Amino acid sequence: MEYHFNDLCMPTDHLLADPYAAEYTPQYLMPAQEGEYEVRNSILVDGGDRFGVSAVQFDKYEELIWMGNQGGHVTSYYGPAMQKYTSFQVHESEEVRDIVTTETGIYALTKTSLRHQIRRGIPKHTHRSRNMTDMQCLHQVGPTKLMIGGHQDTLIDLDLTKMVETVIPIPEEGCAVLRSGGGSLVACGSAGGSVALRDIRTPETAEHTFRAHTACLSDLDMQGDLLITCGFTQSVNGVAVAEPYVVVWDVRRLRAGRGEAAWSCATAAPPLLLHYLPAFSGRAVALSGDGHVTLLHVNSHTSENHSVFQVDTQSSVCSVMDVSATSQALVFGDQAGHLHLFSPQHNHEPVFNNFSRATEFADPPPNIPFAGFSETFQFSSVSLPPLAPGTKWFNDLPESFFKRGYRKPKPIDPEVLKTMKMQGPIGYAPNPRTCRRNQMPYIEDTLEDLFAAKMTENKFATQPIPKHYQKMDLRFNKHSHSEDGVNSKCGLPGLEAILPNSYCNSMLQVLYNTPSVKSTLLAHTCAKEFCLSCELGFLFRMLDSSGGAPCQATNFLRAFRTVPEAAALGLILPDRGPDPRVDLVALIQSWNRFILHQMHYEILETRKKEKELALLANNSPPKPRLGIATNGSVATTQVNGQYAEDYQYAELEFLGPNTEFEQDGEVREDGWHNNLSQEEAALFGAVEFTAQDQQPKVNDELPSQQADREESDISQLFAIGRHQLNRCLKCNKEEERESVVLACALQFPGGSARDEPRGFAELVRASLAPRRATPAWCDHCARFTPTAQQGRIIRLPPILAINCGGITAHEKAYWAKGIQKDTQEPSKRGSSGKPCRYGLHCARPGCRFKHPDRPSPSQGSSKSPDSHCVLPHQLLVRLQSDGDVIINDKNDSPSDRDKHKKKQVTTQSEDEYCLSAAVVCVEDNPKNLVAYVQAGLDQEWYMFNDVSITPVTPSEVVQFSAWWKTPCVLFYSSTSLKLSEEAS
């Protein structure tokens, strides 16, 4: 195999003897024996105080030197002056073992990775593979291929365009060095001392393998057909000894197997690294560990023409070296973190490449006129640079900076307001002496004050609303389908909000993901034209068969707009879009109360008609759609949207309409009048009167005079049975009645300063059986008198639906301040304090006097608010024999659970309620309603925002410390209901 050298390496004085020939700079020629190399520059590299130099390489395209250290850092230096060009990290801890330069950038090899970066330091790609365990060397096969070797039994052939690697198994002891002589052969040297010659076209098999050194191989290089190696030999005592010579191998004789194929060249010191001078034939550089450099003539068997010089390593070991393409520069790196650049004595400006391209540098700063302090200088004499389109000068201030501003006075001292006495419009207060005489009563406009004022005004700006909570802006394509209407990743279907009154999508998702409600509505059928229960069942079937694609509640919303009760309650929004002034918190709570009553009424009416038809046909009563367990819990038999064949029916009696209810002149919650049937009157409940407007007012209760005979599937799930006692505080006349309510509305404490804040469990307990004093009509007194109303729970539902309020400013302040828990035990009987004249029948919130069942003001006023507003995931509910309800957080201590328990009253029933769904209002612009639901086979928490369905953590569901997040409706399901659903 012939090796062609560059013609520029030959003397050229005889080629251009013509005086008219073009002038050019001849190629640098290595001088004779007297031309020795000498040091040109020596620098401490980046990180040299901590790490030694592990790799060095001359750039093949630019006048750069690339260096890698043992800490995984790469630095480049420009020109003979070794000016630092770029510096970057390629790995956190692994050392840089080899560097290869290409036209587009560099490739830095570490133990387990290959990093590609451009010369300006920007990373392009990092290649990692399970086949890269202990990489050592790189060899550039072509413009688009690299061969990677290491201390392992495989070679890697990497395609740089596709980043696809080909694994080549090798039987040798790894591959620590990869060098080529310019032809198709590449020499692979192992650490064990063997050398394998492989063809780069067929690298799978070795052309020839031989052992170069008996102990181990240190380095090798190849030029044409000559291969030089250095290493260690095995001594008599079994110790590896460095060989003080370089072995030269003739590849042609090795492959042919004839004649003497190797000879040695002695060096000044045992060589550690080898490198051919690429500009000369048969010349090589041998570097020893102590810094001795020997220039060899490998074709000569004698050492007469060898020249030797020393590298100042400062008592460290020389670890790496490289030779430039022009052979005008040698660079050495040591373990002390230094780079040493050498060039011939007469060449002070060596070049690294024959035709280097220009290196890209940053633009120099513009020349600015200089003027001393003593000189007269006009700023207008400096011309301004041209402006780019769309930019303006820094001194072009906005109009708001030129408006007159006034200093804000400091707020009045709270001590002054506390002690102030008003005399008409004028207030008088003693001077608290908190400031000096004639002190400026204004806020100083310092940076600290401005920053504090800005943080106070924008105290919510640090809590941005997450994107998946915001109202989605759906776009449509030419087929009138939403671009976002794709199958969700979690497999759950969403609901599009492109139709009017789509604000109820969150509640629809809650009802759909409640198995007992879903099975009830899927089993409901009737002949009514606009039946909301039928439309809900149809919508749920469509969601089951959608395969995760979003759906539209078109039929349900069309039927919803035809219900007169919904329009009278203000639940129908205009078609032009929701009014931003509409309070979604109150709207969705009214919708929840309405839909539960409507489903109860429709199912009750359907069952009544079925019974009438059955009596007319002289047949047995129709088979119900929902199986009821004997213990009162709902047992669904739904299997993938259908019902099992072994459906059992247990006949129960149901709540029926109140036949004694008047039909004329009824008034609903929002003050609208309508004439209703008996069933509709039973749906919305009995009429109350308030002293404020002297008009009848409808409560949320279902009258239960026939509670033992008529009941629907919805009332079995949501109905709360109560015994109501009304007592006139003037004549002590008492009236009793029983009622059921489908949704519990939280009764917040009063807004006075004496009202103590309550925790969530205590708030629900007080709302289930409220005690209040309100003016009501008394038949005995024949006028409106103060009436004490006291409720007693006689039945708890499997699903507890809670309307969280948050409508008035006082209720919103309750959620904003966070939930608080009592830290003091209730006071016992006989404690100090004046007893209340009403005793147990006192309905005044925050009463200052002592009550037998309440803590005294002195003992119960100590509260410790929680740091955040957090709802409990699980509630432990105990129904006492006297109708009182004890509700505790399951995570509370046993002492906190028993602090409201009465010793002489036994527990009638006890059940655990778990949070199963929640509807939340996002205070954005515009506002948005989202739902948290436990859905899917794994019963994980998901957030439904129309068509966007996002998995959330359980802690995010109960956290309401953010200002933009307000709870609207909560659903707590009992454990017995969940067990029956899982069993079915």
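Quick note: the sequence shown uses our numbering, first residue 78, plus one each step.
Beta carbons: idealized from backbone N, C-alpha and C, even for Gly.
Predicted model, so just to flag it, every value in this text is computed and none were measured.
Could you give the first and the last residue of the continuous beta strand (DSSP E) run that contains residue i?
{"i": "Met-212", "result": "212–219"}
{"i": "Lys-1042", "result": "1042–1051"}
{"i": "Glu-281", "result": "279–288"}
{"i": "Gly-266", "result": "262–266"}
{"i": "Phe-386", "result": "384–387"}
{"i": "Ser-404", "result": "From DSSP, Ser-404 is part of no beta strand (DSSP E); its letter is neither H nor E."}
{"i": "Phe-309", "result": "303–311"}
What residue range is occupied by the uninterrupted alpha helix (DSSP H) comprising residue i?
{"i": "Cys-611", "result": "609–621"}
{"i": "Ala-686", "result": "Note that residue 686 corresponds to Lys in the displayed sequence, not to Ala. Segment 661–693, the alpha helix (DSSP H) holding Lys-686."}
{"i": "Ser-1032", "result": "1031–1035"}
{"i": "Met-584", "result": "582–589"}
{"i": "Ile-791", "result": "790–795"}
{"i": "Lys-1062", "result": "An answer regarding residue 1062 cannot be provided, because it is not within the stretch 78 to 1061 covered by the chain."}
{"i": "Glu-242", "result": "Here Glu-242 belongs to no alpha helix (DSSP H); instead the beta strand (DSSP E) covers 241–246."}
{"i": "Leu-494", "result": "491–496"}
Please state the DSSP three-state secondary structure of residue i.
{"i": "Pro-651", "result": "coil"}
{"i": "Met-209", "result": "coil"}
{"i": "Ala-758", "result": "At Ala-758, the pLDDT of 38 sits below 50, so the modelled position is not reliable and the matter cannot be decided from this model."}
{"i": "Arg-1062", "result": "This structure does not reach residue 1062, given that the chain is present from 78 up to 1061, and the question cannot be answered."}
{"i": "Ala-506", "result": "coil"}
{"i": "Pro-443", "result": "coil"}
{"i": "Ser-1038", "result": "coil"}
{"i": "Ser-164", "result": "strand"}
{"i": "Glu-811", "result": "strand"}
{"i": "Gly-748", "result": "The predicted model places Gly-748 with a pLDDT of 33, which falls under 50 and marks its position as unreliable; any figure quoted below should be read in that light. Three-state DSSP puts Gly-748 in coil, outside helix and strand."}
{"i": "Tyr-184", "result": "strand"}
{"i": "Asn-880", "result": "strand"}
{"i": "Leu-840", "result": "helix"}
{"i": "Val-173", "result": "coil"}
{"i": "Trp-340", "result": "strand"}
{"i": "His-425", "result": "coil"}
{"i": "Val-817", "result": "strand"}
{"i": "Phe-456", "result": "helix"}
{"i": "Tyr-720", "result": "With a pLDDT of 33 at Tyr-720, under the threshold of 50, the modelled position of this residue cannot be trusted, and the question is left open."}
{"i": "Ala-644", "result": "helix"}
For residue i, which residues of its own chain have a beta-carbon under 8 Å away from its beta-carbon, when the five flanking residues on both sides are left out?
{"i": "Ser-958", "result": "Val-982, Thr-983, Thr-984 and Gln-985"}
{"i": "Val-1029", "result": "Tyr-1009, Trp-1018, Tyr-1019 and Met-1020"}
{"i": "Ser-119", "result": "Asp-389, His-415, Leu-416, His-417 and Leu-418"}
{"i": "Ala-158", "result": "Asn-118"}
With DSSP as the reference, please indicate the residues paired to residue i in a beta bridge.
{"i": "Gln-867", "result": "Leu-802 and Arg-848"}
{"i": "Gln-229", "result": "In the DSSP output, where bridge partners are listed per residue, Gln-229 has none listed."}
{"i": "His-950", "result": "In the DSSP output, where bridge partners are listed per residue, His-950 has none listed."}
{"i": "Trp-1018", "result": "Gln-1011"}
{"i": "Ala-132", "result": "Gly-145"}
{"i": "Met-224", "result": "His-216 and Asp-234"}
{"i": "Cys-998", "result": "Leu-1006 and Thr-1043"}
{"i": "Asn-965", "result": "Leu-953"}
{"i": "Val-397", "result": "Gly-410"}
{"i": "Glu-139", "result": "Per DSSP, none; premise fails for Glu-139."}
{"i": "Phe-861", "result": "Trp-854"}
Counting only the same chain and skipping the five closest in sequence on each side, list residues whose C-beta sits under 6 Å from that of residue i.
{"i": "Glu-1059", "result": "none"}
{"i": "Pro-847", "result": "Gln-824 and Gly-868"}
Apart from the five residues on each side of it in sequence, which residues of its chain come closer than 7 Å, Cβ to Cβ, to residue i?
{"i": "Gln-412", "result": "Gly-129, Ser-393, Val-394 and Ser-396"}
{"i": "Glu-113", "result": "Ser-384, Phe-386 and Gln-422"}
{"i": "Ala-283", "result": "Ala-273, Leu-274 and Arg-275"}
{"i": "Asp-40", "result": "Missing from the structure shown is residue 40; the chain here goes from 78 to 1061 and no further."}
{"i": "Gln-666", "result": "Asn-880, Cys-1045 and Val-1046"}
Is there contact between the segment 181–194 and the segment 207–224, where contact requires at least three CB pairs shorter than 8 Å? yes
On the three-pair Cβ rule with 8 Å, is the segment 271–280 touching the segment 365–372? In short, these stretches do not touch, since the Cβ pair count stays below three.
Between the segment 584–602 and the segment 990–1006, do three or more beta carbon pairs fall short of 8 Å? yes
Are the segment 1033–1053 and the segment 850–862 touching by the rule of at least three beta carbon pairs closer than 8 Å? no
Taking 8 Å as the threshold, find out whether the segment 807–819 comes into contact with the segment 601–620 through three or more Cβ pairs. Touching, no, given that fewer than three Cβ pairs across the two stretches are closer than 8 Å.
Decide yes or no for the touch test of the segment 786–804 against the segment 667–679: beta carbon pairs closer than 8 Å, at least 3 of them. yes
Flag this pair as touching only if the segment 223–233 and the segment 305–323 have three or more C-beta atom pairs under 8 Å; answer yes or no. no
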